[in-house]
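Residue numbers (the UniProt record's numbering), protein chains in the order written: chain A, 1 to 199; chain B, 1 to 199.
2 protein chains.
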Amino acid sequence: MAQYAKPLARLVAEFERLPGIGPKSAQRLAFYVLRLSDDEARALANAITEVKAAVGYCECCYNFTDQKLCEICRDPRRDDATICVVSDPRDLMALERMSEFRGKYHVLGGVLAPMEGIGPDQLKVRELLARLTGGTVREIVVATNPTVEGDATAIYLANLLRPLGPKITRIAHGVPVGGDLDYADQATLIQAFEGRREL
Amino acid sequence: MAQYAKPLARLVAEFERLPGIGPKSAQRLAFYVLRLSDDEARALANAITEVKAAVGYCECCYNFTDQKLCEICRDPRRDDATICVVSDPRDLMALERMSEFRGKYHVLGGVLAPMEGIGPDQLKVRELLARLTGGTVREIVVATNPTVEGDATAIYLANLLRPLGPKITRIAHGVPVGGDLDYADQATLIQAFEGRREL
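Below, the structure is given as structure tokens:
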């Protein structure tokens, strides 16, 4: 049985490692790349290397950015008094799409998962505490996913942060329970935000 | 509403252009790339540029190869007397996976589609004719997809090549009509091959 030419086999293997890409899709993508012009293929390859070289974490909120501070942290029109805590930059972008929230964010980089060895030290919890020192923050909206771990993380943060002064709220369960924030529609997200309650 | 950092937005856009990748998948892939190590991201980018640089067409059968002749054309154990004609290198690989056929291939690079301006001159038909000059080819198995255009291409090739001597056969309709060769299971492909009949 004939094999793919080596560079082609390697590209198929690379695509297969991506999430949600099976062997058939990987093959289809590889053949698609072969049919691209040299410029188009180079643009794709460059976009991959460049994203790794240029994009890092915001020094304040740990969103992805290609500068020291992300677009939201740099924006003087955004309200410093409210911080919305999310587990992932994708959740931040999902909330931004509803165009309702005018405060700032804090990206934890995950949720508490003791079984997988993820405790507060593995998340950006210390960095969130540091943001409360000035006394400008009056409310922290915990917008972790409404899963067991997301809820546990919200309760942990509420217990940790409440003594420091700010009101701690949780987005309402307008977001389908067990679902993924990133996949919620905008109306659900707006409802969830408006229905937030103190923890 | 905040936007992605530019390099991230560009990578998402690049992934969105790939076949079968929607906005959500493109975003998921881009975030996945951000979490890869530098080496892993570079391996993916290199695989893309290298496949374009190193892989071209076999000078004999127009399969993809990184050498002058593809692995199958170079293989002295493969039978020169039978040529299986396919429209696409993916179909060739699908047939190879059944490990039944021991002849050689010819990749047309498409099928006749007059409405899209694809006639014999846009396919590797002339190159197929050239392979018949030696008189060693005794059978040509036309394994284009069993679609209207695939069938029309088979009939066209039969009329063109039959006067030159070789037996012209068509794979049997064991392959589901209207389906795609590349997605057929091996048992179906073996049946289709064994049930081939003269055109």
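Glycine residues also receive a C-beta, built at the ideal position from the N, C-alpha and C atoms.
- Contact fails between the stretch 60-69 of chain A and the stretch 13-27 of chain A, because fewer than three Cβ pairs, one in each stretch, are under 8 angstroms apart.
- In summary, D185 of chain B is exposed, with fewer than 16 beta-carbon neighbours lying within 10 Å of its beta-carbon over all protein chains present.
- No residue range can be given for G165 of chain B, since it is assigned to no beta strand (DSSP E) and is classified by DSSP as neither H nor E.
- Boundaries of the beta strand (DSSP E) harbouring T82 of chain A: 79-86, taken from the DSSP string.
- For L36 of chain A, at least one C-beta of chain B is nearer than 9 angstroms to its own C-beta.
- Within chain B, D66 have C-beta atoms less than 7 angstroms from the C-beta of K6 of chain A, given in sequence order.
- For K124 of chain A, the three-state secondary structure derived from DSSP is coil.
- Within its own chain, the residues whose Cβ lies closer than 8 angstroms to the Cβ of D80 of chain B, once the five positions on either side in sequence are excluded, are G103, K104, T136, V137, listed in chain order.
- F64 of chain A carries a strand assignment under DSSP once its states are collapsed to helix, strand and coil.
- About 5 angstroms separates the CB atoms of L44 of chain A and E14 of chain B; that is less than 8 angstroms, so the two are in contact.
- Put simply, the CB of F31 of chain B is near chain A, with a gap under 9 angstroms to one of its CB atoms.
- Taking a beta-carbon distance threshold of 9 angstroms, Q186 of chain B does not count as an interface residue toward chain A.
- Assigned with DSSP and collapsed to three states, G117 of chain B falls in coil, not helix or strand.
- Measuring C-alpha to C-alpha distances from R126 of chain A to each of A:L92, A:L199, A:I72, A:V85 identifies A:V85 as the nearest.
- At the C-beta level, G109 of chain A and L129 of chain A stay beyond 9 angstroms of one another.
- Taking 8 angstroms as the upper bound on Cβ-Cβ separation, chain A lies near no residue of the stretch 119-150 of chain B.
- Sequence-distant Cβ neighbours of S87 of chain B in its own chain, meaning closer than 6 angstroms and more than five residues away, are L108, G110, V111, T144.
- Take H106 of chain A, set aside five residues on each side of it, and the residues of its chain with a beta-carbon closer than 6 angstroms to its own are C61, I83, V85, L128, in chain order.
- Within its own chain, the residues whose Cβ lies closer than 7 angstroms to the Cβ of L92 of chain B, once the five positions on either side in sequence are excluded, are N63, V86, Y105, V107, listed in chain order.
- Taking 7 angstroms as the cut-off between beta carbons, none of the residues of the stretch 148-173 of chain B comes near chain A.
- Here DSSP, grouped into helix, strand and coil, assigns V142 of chain B to strand.
- When 7 angstroms is used as the limit between beta carbons, G20 of chain A is near these residues of chain B: S25, R28, in chain order.
- For I48 of chain B, the residues of chain A that pass the 7 angstroms Cβ criterion are L11, V33, A41, L44, A45, in the order they occur in the chain.
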